[in-house]
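Enquirer:
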Amino acid sequence: MTISRMLLGRRPKITLIRIVVLVTVSYLTFGHLLLPVRGEGISMLPTFRNGELGFVNTLAYVRKPPQRGDIVAIRIAGGRLMYVKRVIGLPGERLSIANGRVRIDGIPLAEPYMVGGSDWDLDEVKLGTDEFFVIGDNRRMAIQNHDFGMAARERIIGKVLF
Amino acid sequence: MALVTGIVLVAGARACFWSDRRLIRNLLEEAAAEASITGRETPIERMAGAARVARFFTEDAMIRLDQGASMVGGRNAIMGLAAQMRSASGPLRVSVQDVQITLNRPATATARLTVIVSGADLGGRVTAAREVSVALRKESGAWLIGGVETVSALQRPK
């Protein structure tokens, strides 16, 4: 048996086509559609741990916008650096935080993903027509060390899957 | 004849714009390269390096960081900042990516790009990456940076 037959089987043309298809599909999937992300930092604890691997579904918001509670990836710079945060406020809403409790248009928001209490306070903000309010799940850390705020729709790359 | 003239004019204009885009891209890449720090510079070399960085800017250039929280104005102040950073930092490599250039008029332009800072002694690990908006101006035939502003992904409520 020749080496090429050992490597490529009895039908080398079909094998090569399969390899090309596999490489192309992998490149498209993991290079553009399902982006791998590795978490750095503690702002999304306990949901997303430091060093944990996830994937960003870039097609999740093609037909519908991000929903409250979604964990999304927000482009920071370039194509690969992004925040991973949770959407808690939708465009047009008024949002405030008092003693750790989030209110949307004056109504307290249920946040079952939160663990433990928080003492954060935030004056009411009105979200623009294309703005989402994003924040991490770990609100036991000091507010000044936590990156959160309004993100324009165009910066939201996709939905984070674990 | 008119058609030929028109074609020549359009082609010439396109060539000029393409040339300007290339010049601006080169300028930004050279500025980033000059901003890189080897970590083995003598005080005189640090000052010379800072002066080389400053020459990419106009006299009245302004650098705004973090939605205006920090500002540096004027070429001399930028040179001072560059000298300060060269004294305080270890080896750093500064590079630019995803450069998008808009030519506004014949003598002004804006560029949107990502500035990547990686530690040369950390195996090239990215230590910082920021999206910046750069305003450029053509003076005496050469493009210079008139302003740099960092673009924040998240607008933190006040």
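These protein sequences, in sequence, are chains X and C.
Per the numbering used here: the first sequence = residues 18 to 179.
Per the numbering used here: the second sequence = residues 2 to 159.
Yeah, the Cβ is synthetic: ideal placement off N, Cα and C, and Gly gets one too.
Taking Cβ positions, are VAL89(X) and PHE179(X) nearer each other than 9 Å?
Expert: No.
Enquirer: Taking SER119(C) as the reference, give the member of ASP67(C), ARG87(C), ARG94(C) with the closest Cα.
Expert: ARG94(C)
Enquirer: Listing by chain order, which chain X residues have their CB less than 9 Å from the CB of LEU155(C)?
Expert: Near LEU155(C) (Cβ distances below 9 Å), the residues of chain X are ILE91, ILE93, TYR100, LYS102, VAL151, ASP164, PHE165, GLY166, MET167, ALA168, ARG172.
Enquirer: Give me the Cα-Cα distance between ASP147(X) and ALA169(X), rounded to the nearest whole angstrom.
Expert: Roughly 6 Å separates the two Cα atoms.
Enquirer: Is the region 124-140 of chain X in contact with the region 66-75 of chain X, if contact means three or more CB pairs nearer than 8 Å?
Expert: no
Enquirer: In chain C, what lies closer than 7 Å to LEU107(X) by C-beta?
Expert: Per Cβ cutoff of 7 Å: no residues; LEU107(X) is ~16 Å from chain C at best.
Enquirer: Ends of the beta strand (DSSP E) at SER88(C)?
Expert: Unbroken run through SER88(C) is the alpha helix (DSSP H), 76-89; no beta strand (DSSP E).
Enquirer: Which bits of chain X does ALA130(C) rub up against, with CB to CB less than 8 Å?
Expert: ILE93, ALA94, GLY95, LEU98, listed in chain order.
Enquirer: Counting C-beta neighbours from all protein chains within 10 Å, is the total for LYS102(X) 16 or more, i.e. buried, or is it exposed?
Expert: buried
Enquirer: Can you check the region 84-128 of chain X for any beta strand (DSSP E) of at least 3 residues that lies completely inside it and give the ranges in chain order?
Expert: 88-94, 98-106, 111-115, 118-121
Enquirer: Name the residues in the region 113-144 of chain X whose C-beta lies less than 8 Å from a C-beta of chain C; which are they?
Expert: LEU139, ASP140, VAL142
Enquirer: Which of helix, strand or coil does DSSP assign to GLU69(X)?
Expert: coil
Enquirer: From the beta carbon of VAL116(C), is the nearest beta carbon of chain X less than 9 Å away?
Expert: Judged by the 9 Å Cβ criterion, VAL116(C) is in contact with chain X.
Enquirer: Beta carbon of ASN74(X), beta carbon of LYS176(X): below 9 Å?
Expert: yes
Enquirer: Just grab the DSSP bridge partners of ILE117(C) for me.
Expert: SER96(C), ALA130(C)
Enquirer: Quick one: is GLN101(C) near chain X, going by C-beta distance under 9 Å?
Expert: no
Enquirer: Against GLN85(C), what residues of chain D qualify as contacts under a CB-to-CB distance less than 8 Å, listed in chain order?
Expert: The question asks about chain D, but that chain is absent: this structure's protein chains are X and C.
Enquirer: The alpha helix (DSSP H) spanning THR32(X) covers which residue range?
Expert: 29-45
Enquirer: Could you have a look at GLU60(C) and say whether DSSP puts it in helix, strand or coil?
Expert: strand
Enquirer: State buried or exposed for GLU132(C), treating a residue as buried only when at least 16 other CB atoms are found within 10 Å of its CB.
Expert: buried
Enquirer: Determine the direct distance from the alpha carbon of THR115(C) to that of GLY91(C), and round the result to whole angstroms.
Expert: 21 Å
Enquirer: Cβ of GLU110(X) within 9 Å of Cβ of ILE93(X)?
Expert: no
Enquirer: Taking the alpha-carbon positions, what's the VAL9(C) to ARG106(C) distance?
Expert: 20 Å
Enquirer: In the DSSP assignment, what residue or residues form a beta bridge with LEU166(X)?
Expert: The sequence given here has Gly at residue 166(X), not Leu. Beta-bridge pairing links GLY166(X) to VAL151(X).
Enquirer: If you draw a straight line from the alpha carbon of PHE165(X) to that of HIS49(X), how long is it in whole angstroms?
Expert: 26 Å
Enquirer: Can SER96(C) and SER37(C) be called in contact, C-beta distance under 9 Å?
Expert: yes
Enquirer: When the distance is taken between beta carbons, is GLU35(C) closer than 9 Å to ARG53(C)?
Expert: yes
Enquirer: Classify ASP67(C): buried if its beta carbon has 16 or more other beta carbons within 10 angstroms, exposed otherwise.
Expert: exposed
Enquirer: Tell me, to the nearest whole angstrom, how far the beta carbon of ALA112(C) is from that of ALA83(C); I am working on the premise that it is less than 8 Å.
Expert: The pair is not a contact, with the Cβ atoms about 19 Å apart (cut-off 8 Å).
Enquirer: Within the continuous beta strand (DSSP E) that includes GLY50(C), where are the two ends?
Expert: For GLY50(C), no beta strand (DSSP E) run applies; the uninterrupted alpha helix (DSSP H) run containing it begins and ends at 44-55, by DSSP.
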